[in-house]
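Going by the numbering used here, the sequence shown opens with residue 3, and the numbers climb by one from there. We put the CB at the ideal spot given by N, CA and C, even for glycine. Keep in mind that this is a model prediction, so the values were computed, not measured. Encoded as structure tokens, the structure appears first; notes follow it.
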Amino acid sequence: MEKNWSIERKNALRRELQAMHEAGLSDTGGSPIASLYSITSEEWDSVRKTPMLFQRLKEWIPARYLSWMTQMNEAEAQGKILSHSAGASPAVTTQSLANSKLMDTIVEYVEDPTAVTEVDIPHQLHEMAKYHRYLPLPIFTDNNLLYIRNHLSKIKTEKIRFPNATEKTSILLLSDILEQLNIKEGSANEGLTYAKFEQAAANYYRFETERDPKGNAGNRSTWTKSHFLFWTNRSDAEDTFLFWKPLELEMRQARQDRNIQFDLNSYRLTWSRVLIAQDYSR
């Protein structure tokens with residue numbers, strides 16, 4: 003599952019690079035799309051029905067499969083409830099329904115677990131980003147975005163005033179989000195594995211595209227794409243992750259602090275530092 007995470011993110015970035023090449027924005031095109039490791043529906047069902055196995059693997063389960071598992075669990079639970087009710091006396095069933103405080107039935111749809119889906123980015127993060135110049139990358143993993151979306155009522159807020167605004171605005175409290183997600187700023191590699199880095203980078207690019215006035219053609223979006231593709235579109239990206247990740251963060255923060263343009267020569271020079279560090283470690 004971890005390998006599939008990595009392959010899916012690399013394929014997405016390869017498609018982006020190929021699109022940039024076809025649009026004349028890059029000298030090199032994307033490499034061929036890689037195939038995923040096959041996981042049968044029976045194996046997915048086994049993961050869903052085995053709590054211990056699910057807990058061990060949930061970090062690598064794509065959001066679309068988590069959604070499918072939730073729907074299947076709810077459907078099975080509902081089936082048991084209906085089966086139990088069918089055996090009760092009409093009087094008891096009628097009385098129970100009359101006294102219930104149940105909500106209206108939700109009409110659900112079944113998501114195709116074989117399709118690639120993206121986790122929605124809560125719009126509250128956009129308001130936060132207008133106030134905080136920098137949002138830590140680990141916030142943008144699939145699981146963390148899902149947590150924020152599903153626990154908005156539990157996240158503290160703060161009142162702030164944007165420049166030139168007459169009234170204060172309520173936004174999510176960044177420190178509370180970091181605490182609830184157990185994100186510790188300054189931790190090695192931002193607390194990310196390579197697969198999670200790819201995942202967060204893809205979501206962060208979507209985030210920047212959504213808030214860029216010119217969409218994916220704006221300088222906010224194109225810088226983000228170029229930055230992440232430089233690191234992840236290398237054949238040895240995963241093997242050298244521990245060496246280049248601190249430098250990646252350093253260059254990303256320099257951009258956020260000083261709006262530095264993307265300079266390929268500077269990145270190539272930085273990569274030479276990665277190779278030197280790797281040689282010294284041997």
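- With the rule of 3 Cβ pairs closer than 8 angstroms, the region 186-195 does not count as touching the region 210-217.
- By the Cβ neighbour-count rule, F164 is exposed, with fewer than 16 other Cβ atoms within 10 Å of its own.
- Counted as a single uninterrupted DSSP element, the stretch harbouring S274 is not any beta strand (DSSP E) but the alpha helix (DSSP H) occupying residues 266-283.
- Look at S48 here: in three-state DSSP terms it is helix.
- A distance of 8 angstroms or more separates the beta carbons of W225 and E250.
- The beta-carbon distance between Q201 and D144, rounded to whole angstroms, is 6 angstroms. This is short enough to meet the 8 angstroms contact definition.
- The Cβ neighbour count for S223, taken over all protein chains shown within 10 Å, is at least 16; the residue is labelled buried.
- Among the bridge pairs identified by DSSP, S43 is matched with none.
- Checking the DSSP bridge columns, you'll see K161 partnered with S172.
- When only Cα atoms are considered, Y282 and F243 end up about 15 angstroms apart.
- In terms of Cβ geometry, N205 and F245 do not form a close pair [threshold 8 angstroms].
- In the three-state scheme derived from DSSP, where H, G and I count as helix and E and B as strand, G188 is classed as coil.
- By the C-beta density criterion, H229 is buried, having at least 16 other C-beta atoms within 10 angstroms.
- Judged by beta-carbon spacing, T159 lies beyond the 8 angstroms limit of L176, meaning their Cβ atoms are not closer than that value.
- Shown here, E61 sits in a helix according to DSSP, grouped into three states.
- Annotation for L148: the continuous alpha helix (DSSP H) segment containing it runs 144-152.
- In the structure shown, E181 falls within a helical segment according to DSSP collapsed to helix, strand and coil.
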